[in-house]
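**Student:** Got a structure here, written out as structure tokens. Questions coming.
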Amino acid sequence: QKEVEQNSGPLSVPEGAIASLNCTYSDRGSQSFFWYRQYSGKSPELIMFIYSNGDKEDGRFTAQLNKASQYVSLLIRDSQPSDSATYLCASQYGNKLVFGAGTILRVKS
Amino acid sequence: DVKVTQSSRYLVKRTGEKVFLECVQDMDHENMFWYRQDPGLGLRLIYFSYDVKMKEKGDIPEGYSVSREKKERFSLILESASTNQTSMYLCASSSFTWELFFGEGSRLTVL
Chain A
77 QKEVEQNSGP
87 LSVPEGAIAS
97 LNCTYSDRGS
107 QSFFWYRQYS
117 GKSPELIMFI
127 YSNGDKEDGR
137 FTAQLNKASQ
147 YVSLLIRDSQ
157 PSDSATYLCA
167 SQYGNKLVFG
177 AGTILRVKS
Chain B
393 DVKVTQSSRY
403 LVKRTGEKVF
413 LECVQDMDHE
423 NMFWYRQDPG
433 LGLRLIYFSY
443 DVKMKEKGDI
453 PEGYSVSREK
463 KERFSLILES
473 ASTNQTSMYL
483 CASSSFTWEL
493 FFGEGSRLTV
503 L
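Here it is, written out as structure tokens:
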């Protein structure tokens, strides 16, 4: 069974700080990784994806991938209360997308 | 605007009942998926479909079946509902990428 592991949290950060969300995956064959954000009572929505080792930046968000360590992370700079949500890490295994259980992020104003 | 519509937001059924969950997308997407979401377990893939009349098992297909007679519609069927199928069910669709567009979800309670 392919697995994607996340710390469930909650991760609490003050407004304006950097939030760091982490994810590990079990299969070295996985090629693509995705971060979905899910607000309470809402459906997940894609915010970032990364295919190559290194960093990928999009506005306040940076996704980081380290295939040797089988580790993916999402950094949120200048965190805002509106970033409070559950963040789901997902990995593509063949023709399936496998999700982690998600990390709850709380940004306190 | 992208739209995935699930027929029922909340359902309450009895053990042994047959349950239909319907999902319709208006984006002409090829791919459609059914996930269930449970606290601490995240999203788990039940079934998916890459084309009309085509279906593939996900990670937890037991107790479920699906139907895709038209490109825009993907139905999840619980032949005989059980209490361990109480969950939030999420339908999603995608084109040739892994950006999944999710519906609002159907919260099913089996008594």
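Chains as they are written, first to last, in this note's numbering: chain A, 77 to 185; chain B, 393 to 503.
Just so it is clear, CB atoms sit at the ideal spot from N, CA and C, and this is done for glycine as well.
Quantities reported herein were computed from a predicted structural model and do not represent experimental measurements.
Quick check: the segment 433–446 of chain B against the segment 457–469 of chain B, are at least 3 beta-carbon pairs closer than 8 Å?
**Tutor:** yes
**Student:** When the distance is taken between beta carbons, is A/R104 closer than 8 Å to A/Y163?
**Tutor:** no
**Student:** Leaving out five residues before and five after A/S106 in sequence, what residues of the same chain have Cβ atoms less than 7 Å from its Cβ?
**Tutor:** S167, Q168 and Y169
**Student:** Closer than 6 Å by C-beta to A/E79: which residues in its own chain qualify, once you throw out the five before and the five after it? Chain order, please.
**Tutor:** S102
**Student:** Could you tell me which chain A residues have their CB closer than 7 Å to the CB of B/F494, listed as they occur along the chain?
**Tutor:** S119 and P120
**Student:** If you reduce the DSSP assignment to three classes, tell me which class B/T489 lands in.
**Tutor:** The answer is coil: DSSP assigns B/T489 none of H, G, I, E or B.
**Student:** How many Å lie between A/C165 and A/S145 at the Cα?
**Tutor:** 16 Å
**Student:** At 9 Å on the CB atoms, spell out the chain B contacts of A/Q168, in chain order.
**Tutor:** W490
**Student:** So is A/G92 buried or exposed if we call it buried at 16+ other beta carbons inside 10 Å?
**Tutor:** exposed
**Student:** Give me the Cα-Cα distance between A/I126 and A/W111, rounded to the nearest whole angstrom.
**Tutor:** 9 Å
**Student:** Have a look at B/L503 and A/K143 and give me their C-alpha separation to the nearest angstrom.
**Tutor:** 45 Å
**Student:** Shorter than 8 Å from the beta carbon of B/L435 to some beta carbon of chain A?
**Tutor:** Yes, contact with chain A.
**Student:** Answer yes or no: do B/V411 and B/L492 have a C-beta to C-beta separation smaller than 8 Å?
**Tutor:** no
**Student:** Cβ of B/G432 less than 8 Å from any chain A Cβ?
**Tutor:** Yes, its Cβ sits closer than 8 Å to a Cβ of chain A.
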